[in-house]
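Following my numbering, the numbering of the sequence shown begins with 36 at its first residue and continues without gaps.
Heads up, the beta-carbon is just placed ideally off N, CA and C, and yes, glycines get one too.
Notes for the one structure printed next.
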Amino acid sequence: TVLEPGGYARRPLGERLGELRDVPVDFVYGIRDWMDWRHSERASERMNVPIEIHRVQHSGHNIHVDNPSDFNQLVSLLCLKHINTHKHSKQSSSNAEESKT
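Here is the structure:
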């Protein structure tokens, strides 16, 4: 099947990531993932947004099944990070607008 190691995507995500605008990206891989995490490093060269690569211990491709505790912790931390970043940038924009008046 397409999902087995060595399979090829019809429209690879890596080729489309350069189209992203204003959205930070977090790549998450299991330490034993059959997908090569280094592809995200190469994809980042075409991207104009901040990226981070995370590799979760004791897991393969299905991190949420293999290591749900660490997966949930990472996703929670990333959500909080992005929420706080969004709030901070929204406040900065609001303060800048107020100082213009």
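Endpoints, the alpha helix (DSSP H) within which residue i is located
i	result
ASP101	98-101
GLY49	48-51
Cα-Cα separation between residue i and residue j, rounded to whole angstroms
i	j	result
THR36	GLU54	Reliability of the predicted coordinates at THR36 is poor, the pLDDT of 42 falling under 50, and no value is obtained from them.
ILE98	MET70	12 Å
GLY65	PRO59	20 Å
ASP68	PHE62	12 Å
MET82	ARG51	9 Å
HIS74	ARG46	15 Å
LEU48	SER79	12 Å
VAL84	LEU113	16 Å
HIS117	ASP57	12 Å
ASP105	ILE86	20 Å
LEU115	VAL91	18 Å
TYR43	TRP72	16 Å
Residue i vs residue j beta-carbon contact at 7 Å
i	j	result
ASN107	HIS93	no
8 Å contact criterion, which residue i and residue j should meet: CB distance rounded
i	j	result
HIS96	LEU109	Incorrect: roughly 15 Å between the Cβ atoms, too far for contact.
Boundaries of the beta strand (DSSP E) in which residue i is found, first to last residue
i	result
ASP61	60-65
Along the chain, which unbroken stretches of the beta strand (DSSP E) at least 3 residues long are found entirely within the region 75-124?
86-91
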